[in-house]
Amino acid sequence: MSHGQDNPLAHPEVQMANNRSYVTGFIVASLLMAAATVLVSGHLLPPFALLLAITGCAGLAIIAQVYFLLHMDLSEHSIWNTVALIMFIPLFVITIGLTWWMFSQLYLRTMPMIPGMPGMH
């Protein structure tokens, strides 16, 4: 064991796991998903504000899941998991951003411009 315990149940990462944390994370993420669904299905906001609200709900849901379900924090026994997550996030954002850019440029370069189509100049 990494912390010198002979009993696997005494390991700090096992001690962090409890049903209350998992249920709390599930409920928070579900409430945020339900809020985003109500906003979209009810057309309660203008399009750009709706995009910001959905993005905010998704960001908060990710933070809730990382904290409550994955138990990532700055404590000593999970610091390397947190460092790995912090290193992963920029790579993930860059990958998604470059993929979006590549497909949008591919679309602009390959789709024919049909005269009279709305949005085409």
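Going by UniProt numbering, the final residue of the sequence shown carries number 121, and the count climbs one at a time with no gaps. Cβ atoms here follow ideal geometry from the backbone N, Cα and C, with glycine treated the same way.
Evaluate residue 48 with the Cβ neighbour count: other Cβ atoms within 10 Å of its Cβ, from every protein chain shown; 16 or more gives buried, anything less gives exposed. Along the sequence shown, one-based indexing puts residue 48 at 48. So residue 48 counts as exposed.
Cβ-based burial, residue 1 [other Cβ within 10 Å; buried from 16]: For the purposes of this step, residue 1 is taken as the residue at position 1 of the sequence shown. For residue 1, the predicted structure reports a pLDDT of 44, less than 50, and the residue's modelled location is therefore unreliable. A value from the coordinates is still provided. Its Cβ having fewer than 16 others within 10 Å, residue 1 is exposed.
So, under 8 Å CB-CB, residue 50 and residue 39 are touching, yes? Tell me the CB distance rounded to an integer number of Å. Reading the sequence shown from its first residue, position 50 is the one you call residue 50. Reading the sequence shown from its first residue, position 39 is the one you call residue 39. Residue 50 to residue 39, Cβ: 6 Å. Contact.
Within 10 Å of its beta-carbon, does residue 34 have 16 or more other beta-carbons around it, so buried, or fewer, so exposed? As a first step, residue 34 must be located in the sequence shown, where it is residue number 34. Under this definition residue 34 is an exposed residue.
According to DSSP, simplified to helix, strand and coil, what is residue 56? For the purposes of this step, residue 56 is identified with residue 56 of the sequence shown, where counting begins at 1. Helix, per DSSP.
Could you tell me whether the Cβ of residue 93 comes closer than 9 Å to any Cβ of chain E? Included in the structure is just one protein chain, with no chain E present.
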